[in-house]
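Here the structure is laid out as C-alpha cells; the discussion comes afterwards.
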Amino acid sequence: MANEVLIRADGLRKTFGATHAVDDVSLEVAAGEIYGLVGPDGAGKTTLLRLLVGALLPSAGDVWLGQYHAVRQAELAREQIGYLAQRFALYEDLTVLENLQFFAEVRGLPSREWKPRSREILEFVGLAQFGDRRAGQLSGGMKQKLGLALALVNRPHILLLDEPTTGVDPVTRQDFWRLIIPLLNDGEMAVLVSTPYMDEAVRCTRVGFMRNGRIIREAPPAVLRDQLAGQIIEVAGHPQPLLVSVSEADPDVENVQRFGLRLHLRVAPGTADAVVKRLACCHSCGRRQP
Amino acid sequence: MFQRLFSLIRKEFIQIVRDPRTLAITFVLPVVMLFLLGFAATNDVRNIALVVYDQDHSPSSRRLIDAYRAADYFQLAYVVSSEEEMRTLIDNNSARAGLVIPPDYGDQVNGWKPATVAFVLDGSDPTVASTALAAATLIGQALSTELSVDRLERRGMSSTLQQAIDVRTQVWYNPGLLSALYMIPAMIGMILQYQSTMLTATSIVRERERGTIEQLIVTPLRSWELIIGKLTPYVIIAFINTLEILAIGFLVFNVTVAGSLPLLLLLTGLFLVTTLGIGLLISTIASTQQEAMLTTMFTLLPSIFLSGFFFPLAAMPTWLQVISYFIPLRYYLIISRGIVIKGVGVPELWPEILALTIFAVLVMSGAIARFHKRLD
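Chains as they are written, first to last, in the numbering used here: chain A, 1 to 290; chain B, 1001 to 1376.
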C-alpha cells in the first residue's frame, strides 16, 4: 500500500535576479520515507528547503505540506512541520528548556504538555542533564542536537533538515543519523534531509541529486549505486583549489567532493575517460601559468 | 491562540532582562539624559563675569558699578586699569562682558549732560550674550531714569514727575521661567522617539542577524502576532519610562503635571504608535543592528532640531517651519508641554491630536504592509 504523500512540490522555481536558484523542481516524499537531497554547495538545496517550508515565496510552482498549500495556507501548513535550518539559529541567551518551551508553545503545543514532552525529547537526543544551560554555552554538536529536539518537540509529521551534519564531527554525525532513523519506524513521518555527503545518501529511502537548481537524477540509493558504477573517478593534483574549479567547470562532472588530498568526481555515464583527458590537459596548462 | 502571542512576549522579556546593554539603554539612559538636560542644558543665564575699567573713580561711577553689581545677572569679577587688560580677560574667557567708564563720566552726569559709557560683550555664545545685552541695557536705563529723577528733584519738580507708560509684566504658566519645567515634558517625547524606535528596530533585526528569524518564520505565528508580540514589551517599557521621567521631574525638579495625567498617558500611547511604526519600518530596511541604530539616529536628529525641542520653531526660516509639520515629535511636544505646563486638554489640543492620529495610522499601516514573515 502506498503511504500518504506529505511533502509535494510541483514545478517549483525561484529566481534571484538572473540566477535560477531552483529551476523546475518537482518531488514527492511519502510518510515513512527519508528523502536525501544531495548536491554540491550552491546547487540550490537550501533555497529549495526554504521554498518547501514557505520561508521564501516561489517564483512559480506549488508546495503542499500534508493537505495544506505552503503559501496560501502557510500557518496551517507550518503547524505540522519541524525544520532545522542550515545555520544554527537558537536563542543563545535562553536556556535549553526555555528554547524548547518557546518553540513548543509557539507551534501550538499546550502549556501543560511542553514540559513532559521537553524532558522526553531531551532524553531522546541525549541532552537531559543540560536543560538549564544557556543554549549559547553548548558545544557545536550539542547545539545541533538541540536543534533537532526543537524541530521534533511538537511531534511534527513532516521533518525538514538542511545539512544537519555539515561541520559536525564524525561521531556526532553517526549519532545524528541514529536519532533520525527510528523516527520513521511508525511510518507516519516524512523526512527530507539535504547533505553534501554522498555516503549519507545510502541511509535514505530515496535520493535526489541536485545541481544548478535542478534535480538531475532521483532513485533509491541501491539503484543509484549500480547506475553510478564506473561513474565515480578519483583524481589528485596540485594545486587542489585549481583542480576543484576546473572539475566543477567541466560539463560532464556532476559532483565534486574532497577526500583529503584526493577528489571524488561523479561524471555523466560513459564520459569518464573524456573527463580525465580534459582534466589532465587543463590542469597541466593551468600549472604552467605563473 | 493567545498562547503563541504570550510565549513570544515572555521570550522578548527574558531576552531584554538578560542583555545588560539593552537594560542600560532602557532604564538608565533616560535618567542620565534627564539630569543632563535638566541641569546642564539650562537657558537660565546668571552670574555673567563682568570686568570693569573705571577711568573716572568718582562717586557717580561707583554708583553705576553698584547698579550692575546689584543685579544677579552680573558678577563683578575684575577691575582693571587699561583697555588691554580688559581685552585679555575677555579673550581668554575669564570675563564675558566689560564695562568701560570714561574719565569725564562724573563731570558729565553732574554737569547735566548726557554721559556715555561703553558696554563690551563677548557674542560667541548667543544665549549668554542676548541675556547680558538685555540686562545691561535695562540696568543702564533704570539708572538713567533714577538720575533724571534726581536732577528734577533738585529743581523741585519731583511731585509732577510721572512715568508716561507703566508696563506691568506678568508671566503665566511658568512664572519662574525655569528651563526644567519646559524640558521635562519634552524629554518624554525625545526618549520615546529615540528608544522605542531603536529597541523595536534592533530587536527584529537581531533575529535576522543571528538567523533565528528563519525559525520564527516557519512557526505558525501569524504576522500580526509577530508584530504585536515584538512591540508589546516596548510599549510597556515606554510607559514605565514616561512615569519614570515624570517622577524624577517631580522629585528632583519640582515639576508637576498641571493637566490630566491620564490624558497625557493616552496621547503618549498615540505618539508611541508612530515611533514603534518607524522602528518596524527601519527593521524592514536594515539588515544589521548597527544599520538599524544608524538609521534611528538619522530620524532622531531632524526630530530634535525641527520639533521645537531646543530651538523655538517661530524663530526658524519659513521653509524649515514647513518641514517641521512633517515631524511627529513636533505635535507631541505641543501636547506634552501643553498638558504638563499649561494644564490644557482636548479642546485646546485637538489639531495636534488629529495630526498625531494621521501619522500613527500612516506610519503603522505602511510598516505592516512592508513587514513580511518571509526571508525575501
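Ideal placement from N, C-alpha and C gives every residue a C-beta, glycine not left out.
Can you tell me where the alpha helix (DSSP H) with residue i in it begins and where it stops?
i                 : result
valine 1257/B     : Where valine 1257/B is concerned, there is no enclosing alpha helix (DSSP H), given that its DSSP letter is neither H nor E.
lysine 1113/B     : Careful: lysine 1113/B lies outside any alpha helix (DSSP H) and carries neither H nor E.
aspartate 1091/B  : 1083-1091
tryptophan 1350/B : 1346-1370
leucine 146/A     : 140-152
alanine 1134/B    : 1126-1154
Per DSSP, which residues does residue i bridge with? Please list them.
i              : result
glycine 82/A   : Leu159/A
alanine 194/A  : Note that residue 194/A is serine in the sequence shown, not alanine. Partner(s): Leu37/A, Asp162/A.
valine 235/A   : Leu263/A
alanine 1286/B : None, per the DSSP bridge assignment.
arginine 258/A : Leu263/A
Given a threshold of 16 other Cβ atoms within 10 Å of its Cβ, counted over all protein chains shown, does residue i qualify as buried or as exposed?
i                   : result
glutamate 4/A       : exposed
arginine 266/A      : buried
glycine 98/A        : The sequence as given places glutamate at residue 98/A; glycine does not occur at that position. Buried is the call here.
glutamate 33/A      : buried
valine 1149/B       : exposed
isoleucine 7/A      : buried
isoleucine 254/A    : Sequence check: residue 254/A is glutamate here, not isoleucine. Buried.
tryptophan 1172/B   : exposed
asparagine 1093/B   : exposed
glutamine 101/A     : buried
phenylalanine 176/A : buried
glycine 82/A        : buried
aspartate 186/A     : exposed
isoleucine 1339/B   : buried
cysteine 204/A      : buried
glutamine 1290/B    : exposed
proline 164/A       : buried
tyrosine 197/A      : exposed
serine 1082/B       : exposed
phenylalanine 16/A  : exposed
methionine 1/A      : Annotation note: pLDDT 42 at methionine 1/A (below 50); position unreliable, no value reported.
Please report the residue range of the beta strand (DSSP E) in which residue i lies.
i                 : result
threonine 19/A    : 19-30
isoleucine 1048/B : 1048-1054
glycine 1098/B    : 1097-1101
tyrosine 1078/B   : 1074-1080
lysine 14/A       : 5-16
methionine 210/A  : 206-211
glycine 1189/B    : Note, glycine 1189/B: premise wrong, no beta strand (DSSP E); alpha helix (DSSP H) at 1179-1191.
isoleucine 215/A  : 214-219
How big is the Cα-Cα spacing for residue i and residue j?
i                    : j                 : result
valine 1361/B        : isoleucine 1368/B : 11 Å
aspartate 1056/B     : valine 1100/B     : 10 Å
glycine 1259/B       : valine 1344/B     : 6 Å
serine 1179/B        : glycine 1038/B    : 7 Å
serine 1307/B        : valine 1273/B     : 18 Å
phenylalanine 1253/B : leucine 1133/B    : 28 Å
arginine 1069/B      : valine 1117/B     : 16 Å
glutamine 1215/B     : alanine 104/A     : 12 Å
leucine 1152/B       : aspartate 1107/B  : 17 Å
threonine 1212/B     : threonine 1295/B  : 22 Å
threonine 1137/B     : leucine 1121/B    : 12 Å
aspartate 10/A       : alanine 21/A      : 16 Å
arginine 288/A       : leucine 159/A     : With a pLDDT of only 40 at arginine 288/A, under 50, the local geometry of the prediction cannot be trusted, and no value is derived from it.
glycine 42/A         : leucine 12/A      : 17 Å
glutamate 79/A       : valine 193/A      : 19 Å
alanine 1115/B       : arginine 1063/B   : 14 Å
histidine 1372/B     : aspartate 169/A   : 36 Å
glutamate 1225/B     : aspartate 1019/B  : 23 Å
valine 125/A         : leucine 261/A     : 34 Å
threonine 1357/B     : lysine 14/A       : 41 Å
Is it the case that the CB of residue i approaches a heavy atom of the ligand SAH more closely than 7 Å?
i               : result
aspartate 169/A : With respect to the ligand SAH, the structure offers nothing, as it holds no ligand at all.
Quiz item: For the stretch 1192-1218 of chain B, which residues have a beta carbon sitting closer than 7 Å to at least one beta carbon of chain A?
Solution: Under the 7 Å Cβ criterion, the stretch 1192-1218 of chain B contributes Arg1210, Gly1211, Thr1212, Glu1214, Gln1215, Ile1217, Val1218.
Quiz prompt | Cβ-based contacts, 8 Å cut-off: residues of the stretch 1016-1037 of chain B near chain A | solution = So the close ones are Arg1018, Asp1019.
Self-check item: chain B contacts made by the stretch 25-55 of chain A, where a contact means CB separation under 9 Å
Solution: Under the 9 Å Cβ criterion, the stretch 25-55 of chain A contributes Arg50, Val53, Gly54, Ala55.
Quiz item: Using a beta-carbon distance cut-off of less than 8 Å, what residues from the stretch 103-128 of chain A approach chain B?
Solution: From the stretch 103-128 of chain A, only Phe103, Glu105, Val106, Arg107, Gly108, Pro110, Ser111 have a Cβ closer than 8 Å to chain B.
Self-check item: Interface residues of the stretch 1077-1101 of chain B facing chain A [CB-CB below 9 Å]
Solution: Here the close residues number zero.
Quiz item: Relative to chain A, which residues along the stretch 1218-1248 of chain B have a C-beta separation below 8 Å, given in chain order?
Solution: The residues in question are Val1218, Thr1219, Pro1220, Leu1221, Arg1222.
Quiz item: In chain order, what residues of the stretch 183-199 of chain A put their CB closer than 9 Å to some CB of chain B?
Solution: For the stretch 183-199 of chain A, which is checked against every Cβ of chain B, not one residue is closer than 9 Å.
Practice problem: For the stretch 84-103 of chain A, enumerate the residues whose C-beta is nearer than 8 Å to any C-beta of chain B, in chain order. | Solution: Within the stretch 84-103 of chain A, Ala85, Arg87, Phe88, Ala89, Leu90, Tyr91, Glu92, Asp93, Leu94, Glu98, Gln101, Phe102, Phe103 place their CB atoms closer than 8 Å to a CB of chain B, listed in sequence order.
Quiz item: Using Cβ-Cβ distances below 7 Å, what residues of the stretch 1359-1376 of chain B are close to chain A?
Solution: The residues in question are Arg1374, Leu1375, Asp1376.
Exercise. Using a Cβ-Cβ cut-off of less than 7 Å, list which residues of the stretch 1001-1013 of chain B approach chain A; keep chain order.
Key: Per Cβ criterion, the list reads Gln1003, Arg1004, Ser1007, Leu1008, Lys1011.
Quiz item: If contact means a Cβ-Cβ distance below 7 Å, which residues of the stretch 56-81 of chain A contact chain B?
Solution: From the stretch 56-81 of chain A, only Leu56, Leu57, Glu75, Arg78, Glu79, Ile81 have a Cβ closer than 7 Å to chain B.
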